[in-house]
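Numbering (this note's numbering), first residue to last: 17 to 123.
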């Protein structure tokens, strides 16, 4: 009888613990989501991000000659063309898309 009573008590405790553990997991997920919103990159001014975008295009022209053949190889990383760069940047996140689309010097 004692064993049966202890097993029932344990079962009822498990029934109480399960929803609490699920709630804890949801709260941890919420905390991680909110921490992601506070990353330093999200605190940069759009004008600064726009300047970085413009700078990255102007200082990295598309390779020519033999170097271009390396980048055009399917086995290598392909650099986007100057015309594609705003579209590529716009795929990162909503904020970057808005900035890329509103930066005339990228187009």
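Ideal placement from N, C-alpha and C gives every residue a C-beta, glycine not left out. Keep in mind that this is a model prediction, so the values were computed, not measured.
Asked, Found
"Expected contact under 8 Å - CB spacing of residue 70 and residue 103 to nearest Å", "Incorrect: roughly 15 Å between the Cβ atoms, too far for contact."
"Distance between beta carbons of residue 115 and residue 65, contact taken as under 8 Å", "5 Å"
"Residue 114, enclosing alpha helix (DSSP H) - first and last residue", "110 to 117"
"Residue environment, residue 91, which counts as buried when at least 16 other CB atoms sit within 10 Å", "Residue confidence is low: residue 91 scores 49 on pLDDT, short of 50, so the model does not pin down where it sits. No coordinate-derived value is stated."
"Selection from 100, 20, 111 and 29 that minimises the alpha carbon distance to residue 59", "111"
"Inter-residue Cα distance where the pair is residue 67 and residue 45", "34 Å"
"Endpoints, alpha helix (DSSP H) assigned at residue 124", "Outside the shown range of the chain, which is 17 to 123, sits residue 124, and nothing can be said about it."
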